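Enquirer:
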Amino acid sequence: MNNQFLKNIFTSNRSLSSLVLRVPVGIILAAHGAQKLFGWFGGYGLEGTGQWMESIGLAPGFLMALLAGSAEFFGGIALILGLLTRPAALVSAFTMVIAIFSVHAANGLFMSNNGYEFALTLLAATSALAIQGGGKLSVDTLISEKLSPETK
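Numbering (my numbering), first residue to last: 1405 to 1556.
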């Protein structure tokens, strides 16, 4: 694989600001994904989530639940670790765009009405991470340093 491509994926700013975003957003995404995939934390699992997704027009429901749950769960774990931060954040941001337009937009902004407030917040945070990368305390930075030892 092209070494410059890998450097672009793994290189990020060297501040701690990404850590402040990555960890809580990763926890939230992983927990929501676990609800969809495994039924943990009061979720409905793949079967129940798939049926709900089918009912709102996201078909096939089981596949959509699997995709959304995997993006959130595995993307969240990746963000917590700072591993493949940019791709994980990009996939998570895309998932939030789908959630906003397919579920929440018609309900207005506020969460109290099942609006898009929360999904928009996650979209903003994951977009920022897609731009700035994993930051100083991330697996991405360790990999980047191995790819470019002169940048330490």
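Idealized CB from N, CA, C, for every residue including glycine. Only a predicted model underlies this, so the values are computations on that prediction, with no experimental measurement involved.
I need the straight-line Cα distance from LEU1467 to HIS1508, nearest angstrom please.
Expert: C-alpha separation (whole angstroms): 20 Å.
Enquirer: Among the candidates ASN1407, ARG1418 and PHE1498, whose CA atom is the shortest distance from the CA of LEU1526?
Expert: Selected option, being the one with the closest Cα: PHE1498.
Enquirer: Using the Cα positions of GLY1449 and HIS1436, report the straight-line distance between them to the nearest angstrom.
Expert: When rounded, the distance between both Cα atoms is 11 Å.
Enquirer: Compute the Euclidean distance between the alpha carbons of LEU1551 and PHE1409, then round it to the nearest angstrom.
Expert: Each residue's alpha carbon lies about 11 Å from the other.
Enquirer: What is the rounded straight-line gap between the Cα of ASN1518 and the Cα of LEU1524?
Expert: If I take the Cα positions, the gap works out to 12 Å.
Enquirer: What is the DSSP secondary structure of LYS1556, reduced to helix, strand or coil?
Expert: Only weak support is given to the placement of LYS1556: the predicted model assigns it a pLDDT of 48, under 50, and the question is left unresolved by the model.
Enquirer: Helix, strand or coil for PHE1498, going by three-state DSSP, please let me know.
Expert: Three-state result, PHE1498: helix.
Enquirer: Taking the straight line between their C-alpha atoms, what separation do you get for ASN1417 and ILE1535?
Expert: Rounded to whole angstroms, ASN1417 to ILE1535 spans 10 Å at the Cα level.
Enquirer: Comparing C-alpha positions only, which one of SER1542, GLU1521 and SER1474 sits nearest to LEU1433?
Expert: If we check each option's Cα against that of LEU1433, SER1474 comes out closest.
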